[in-house]
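Since the structure comes first, as C-alpha cells, the remarks are kept for the end.
In the numbering used here, the protein residues as written are 2 to 260.
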C-alpha cells in the first residue's frame, strides 16, 4: 500500500481479510497459541481495529476478551489469575481488548491498586510474559497512540452521537483531567515491559482507517504462516423427502416482513 493518502480502504481491508483467513487456518493446522493485546488511551481506535480483525474469522478460533470490573473474589486472587483462564489453547487466537496492563494504567492513575501492588506488577509482568513465550505462546502487544486533539474530537463525536454515547463513560471524563498522569504511567510501563522477548508495538492511530490496516498488516508479518489450499467441496444431493408430509406452513409464527 502506498504511504500517501490515496488508497482504497475497502480494497486493502479485503486483501488483509483474505490473509487473516489463511492465518487462522494455519494456526488451527499447526496448533499455534496466539495472544494479541490491544492497549491505548480512550477513543484511540482499539475497538474498531478488533472488529475489523475478527470480522472474517471463526469466533471459535479467534476470541475477544474484554473484562469488566473484577469481582470481590477476583480481587483476592493472584493478579494474573483472572486473565490466565482466557489464554488460548492450541489452534486458538485470543485478542485482549485491554488486558493485565490495566494495573499499569487506569488502576495506577485512579488509585485502584496500592503502590506495592503496582511495583509488584512491573516486576512480575515481564516474567509472566516470558513464561508464556517459553510455553509456546505467541504474544503481540499493540499500543494505540492518539493525539490529545484527535481524542478531543472523538470524545465530542461520542457525546453527540446516540449510537456512540455508550462508549463514553465516567472514567473517560476522569481521564481527561489526568492526561499527564496517564502519560507518565504509560512511559513507566514501557520502561519496564518493553522487552526484547515481548516488545511493544506503537500504532499511530490519529487516522483510524490507516491504524486498522497497519496493525492487521503487522500482525500478519509477525506470525509466519503459509497460505492454505482449500480443498473443493461438493454438495451432496438432497435426500428424497416426498414421502414426508410437512405440517402446514401457517402453523409457524413468522417475523413480520417490515422491510
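Cβ coordinates follow ideal geometry from the N, Cα and C atoms, glycine included.
Beta-carbon within less than 7 Å of residue i's beta-carbon, same chain only, minus the 5 sequence neighbours each way: which residues are those?
i: residue 24; result: 221, 224, 226
i: residue 134; result: 140, 198, 199
i: residue 207; result: 147, 148, 151
i: residue 179; result: 110
i: residue 203; result: 144, 146
i: residue 108; result: 114
Note down, in chain order, each residue of its chain lying with its Cβ closer than 6 Å to the Cβ of residue i, except the 5 sequence neighbours on either side.
i: residue 3; result: Note on residue 3: pLDDT 48, under 50, position unreliable in the model; the coordinate value appears next. So the list is empty, once near-sequence residues are dropped.
i: residue 130; result: 140, 199
i: residue 243; result: none
i: residue 193; result: 123
i: residue 12; result: none
i: residue 38; result: 97, 100, 142
i: residue 214; result: 13
Quick test of your reading: residue i and residue j, contact by CB under 8 Å. State the CB separation rounded to the nearest angstrom.
i: residue 187; j: residue 106; result: 7 Å
i: residue 229; j: residue 26; result: 4 Å
i: residue 87; j: residue 104; result: With a Cβ gap of about 16 Å, residue 87 and residue 104 do not count as contacting.
i: residue 49; j: residue 211; result: At roughly 12 Å, the Cβ-Cβ gap does not stay under 8 Å, so residue 49 and residue 211 are not in contact.
i: residue 177; j: residue 166; result: Actually they are not in contact, since the Cβ atoms of residue 177 and residue 166 sit about 16 Å apart, beyond 8 Å.
i: residue 217; j: residue 54; result: 6 Å
i: residue 35; j: residue 51; result: Contact flag wrong, Cβ pair sits at about 14 Å.
What span of residues does the alpha helix (DSSP H) with residue i cover, start to end?
i: residue 19; result: 10-31
i: residue 51; result: 47-55
i: residue 126; result: 116-135
i: residue 171; result: 171-177
i: residue 187; result: 180-194
i: residue 84; result: 82-85
i: residue 109; result: 107-111
i: residue 75; result: 73-76
Have a look at the DSSP bridge pairing and note the partners of residue i.
i: residue 146; result: 205
i: residue 63; result: 94
i: residue 140; result: 36
Taking the beta strand (DSSP E) that residue i belongs to, which residues open and close that run?
i: residue 246; result: Counting along the chain, residue 246 falls outside any beta strand (DSSP E), and DSSP gives it neither H nor E.
i: residue 40; result: 34-41
Leaving out five residues before and five after residue i in sequence, what residues of the same chain have Cβ atoms less than 8 Å from its Cβ?
i: residue 247; result: none
i: residue 195; result: 201
i: residue 190; result: 102, 105, 106, 123
i: residue 62; result: 25, 28, 29, 92, 93, 94
i: residue 40; result: 47, 99, 100, 102, 106, 142, 143, 144, 145
query: Using 8 Å as the Cβ pair cut-off and three pairs as the minimum, do the region 54-66 and the region 93-110 touch?
result: Contact annotation: the region 54-66 touches the region 93-110, with at least three C-beta pairs closer than 8 Å.
- prompt: Would you call the region 40-51 and the region 5-16 touching, i.e. three or more CB-CB distances under 8 Å?
  reply: The region 40-51, when compared against the region 5-16, does not touch it at the 8 Å Cβ threshold.
field: Stretch-stretch touch, CB-based, cutoff 8 Å, three pairs: the region 62-71 with the region 172-182
entry: No, the region 62-71 does not touch the region 172-182.
query: Are the region 81-92 and the region 28-36 touching, with three or more C-beta to C-beta distances below 8 Å?
result: In this structure the region 81-92 touches the region 28-36; the number of beta carbon pairs closer than 8 Å is three or more.
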